[in-house]
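Per UniProt numbering, the very first residue in the sequence shown carries number 1; after that it's consecutive.
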Amino acid sequence: MSTEAVVDHQADNAVGVAEVAALLRERGPALVLTGAGISTESGIPDYRGPDGNRRVTPMSHQEFTATSAARQRYWARSFIGWQRFTAAEPNAGHVAVARLQRVGAFGDVITQNVDGLHQQAGASNVIELHGTLSEVECLTCGERTDRDFVQALMDDANHGFAALALGLVGDGSQVSSQIRPDGDIVLADEAVQSFTAPRCLVCGHDTLKPDVVFFGGSVPKPRVEACFELTDAAPALVVLGSSLKVMSGYRFVRRAAANGIPVVVVTKGPTRGDAETTHRIDAPLGVTLSALADELAPAS
Ligand SMILES: [Zn+2]
Numbered sequence: 001m002s003t004e005a006v007v008d009h010q011a012d013n014a015v016g017v018a019e020v021a022a023l024l025r026e027r028g029p030a031l032v033l034t035g036a037g038i039s040t041e042s043g044i045p046d047y048r049g050p051d052g053n054r055r056v057t058p059m060s061h062q063e064f065t066a067t068s069a070a071r072q073r074y075w076a077r078s079f080i081g082w083q084r085f086t087a088a089e090p091n092a093g094h095v096a097v098a099r100l101q102r103v104g105a106f107g108d109v110i111t112q113n114v115d116g117l118h119q120q121a122g123a124s125n126v127i128e129l130h131g132t133l134s135e136v137e138c139l140t141c142g143e144r145t146d147r148d149f150v151q152a153l154m155d156d157a158n159h160g161f162a163a164l165a166l167g168l169v170g171d172g173s174q175v176s177s178q179i180r181p182d183g184d185i186v187l188a189d190e191a192v193q194s195f196t197a198p199r200c201l202v203c204g205h206d207t208l209k210p211d212v213v214f215f216g217g218s219v220p221k222p223r224v225e226a227c228f229e230l231t232d233a234a235p236a237l238v239v240l241g242s243s244l245k246v247m248s249g250y251r252f253v254r255r256a257a258a259n260g261i262p263v264v265v266v267t268k269g270p271t272r273g274d275a276e277t278t279h280r281i282d283a284p285l286g287v288t289l290s291a292l293a294d295e296l297a298p299a300s
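What follows is the structure in structure tokens.
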């Protein structure tokens, strides 16, 4: 693949934006794949730092499903983190993606994020590859519940827990101020042990799981197939805010490259997809996508 259009840290991003705008004008609605990098400007940090390395180890699917203690830990942290997570709002990048859809530059959006911010910004045809935090499923009986309802259940069963957890913050560094991409936060073990985890209202088991694909879990096959079909029909693929370290997203980039369509990558820092990339902009998402939207949709 050509790397002629690569724009590095020092180069002028305006050139890259103009080239990508020309490409989208010529090709029509590109398939979009987004990662955690598009939500960092909304205050939801990436698991990985700018160097692409993991900063924190997320709970794995195997860990979550193995023991009640792991689920208790997850839900205690999630209970505290939820308020901050739901307070996050779409940023300029999300708004620009919705604008670019409306003018026909962008088509469907496959997102690896579970925060719902694309939809909140007005985007349509969003496929949530890794699921959504807004719903909860029971691993035992399959019952589905709204996450807000589970929050209310936990609230009822854990009076004073938030105050306790927040009190621990005052004592020292028991609770991290950083929320994770899955709504999780860091919480001291003694706080976790006093937490009553939610149970399924239908079968009574403590096997409620947010409807998200944890690390080590797998994306449902029909969802993967639908994304491959979109890739095969796409005139171009635009990757936004992903280092492509996770195969679940990277496979669509490889498919796009195999199909011979242009692959545009806009993200901060290195990616694994450089060999498949035809247009690369290494810059913050909000300002870059806004410039792209202005280029393609000056009237809106
Ligand atoms: Zn159940």
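Here a beta-carbon is modelled for each residue, glycine too, at the ideal position from N, C-alpha and C.
Cβ neighbour criterion (16 or more within 10 Å) applied to residue i
i	result
Val266	buried
Gly37	buried
Gly273	buried
Asp155	exposed
Gly142	exposed
Ser173	For Ser173, the predicted model reports a pLDDT of 41, less than 50, meaning its position is unreliable; a value from the coordinates is still stated below. Exposed, because fewer than 16 other Cβ atoms sit within 10 Å of the Cβ of Ser173.
Val263	buried
Val253	buried
His130	buried
Gly160	exposed
Arg25	exposed
Ala163	exposed
Residue i versus residue j - alpha carbon distance
i	j	result
Ser243	Val212	20 angstroms
Thr132	Phe228	20 angstroms
Thr288	Asp294	10 angstroms
Arg77	Lys268	29 angstroms
Ala121	Leu230	22 angstroms
Thr271	Gly249	12 angstroms
Val169	Ser42	Low confidence applies here, because Val169 scores a pLDDT of 49, under 50, leaving its location unreliable and the question unanswered by this model.
Asn125	Gly104	13 angstroms
Glu276	Gly116	28 angstroms
His118	His94	5 angstroms
Pro222	Glu128	12 angstroms
Leu100	Arg255	23 angstroms
Gln193	Arg147	22 angstroms
Glu190	Ser134	27 angstroms
Ala157	Arg73	15 angstroms
Trp75	Pro198	8 angstroms
Asn259	Asp232	7 angstroms
Leu23	Ser68	51 angstroms
Gln83	Ala96	26 angstroms
Gly241	Val20	16 angstroms
Val238	Ile281	11 angstroms
Val15	Gly81	40 angstroms
Leu292	Gln151	39 angstroms
Val246	Pro284	20 angstroms
Nearest residue (CA-CA) to residue i, options the options
i	options	result
Pro45	Arg73, Leu31 and Asn113	Asn113
Glu225	Ala257, Arg251 and Asp115	Arg251
His279	Val150, Ala236 and Ala157	Ala236
Ala234	Ile261, Lys209 and Leu208	Ile261
Cys138	Ala163, Ala21, Lys209 and Phe79	Lys209
Arg144	Ala191, Thr207 and Ala197	Thr207
residue 303	Phe79, Thr40 and Ala22	Beyond the ends of the chain as shown, which are 1 and 300, falls residue 303; an answer cannot be given.
Phe149	Ala297, Val136 and Ala283	Val136
Ala297	Thr196, Thr140 and Arg102	Arg102
beta-carbon residue i near ligand 1 non-hydrogen atom, thresh 8 angstroms
i	result
His159	no
Val136	no
Thr140	yes
Val202	yes
Thr207	yes
Glu229	no
Glu89	no
Glu143	yes
*Is the number of C-beta pairs between the stretch 198-208 and the stretch 80-87 that are closer than 8 angstroms three or more?*
no
*For the stretch 22-32 and the stretch 104-113, state whether three or more C-beta atom pairs, one from each stretch, are separated by less than 8 angstroms.*
yes
*Any contact of the stretch 60-69 with the stretch 214-226, i.e. 3+ C-beta pairs under 8 angstroms?*
yes
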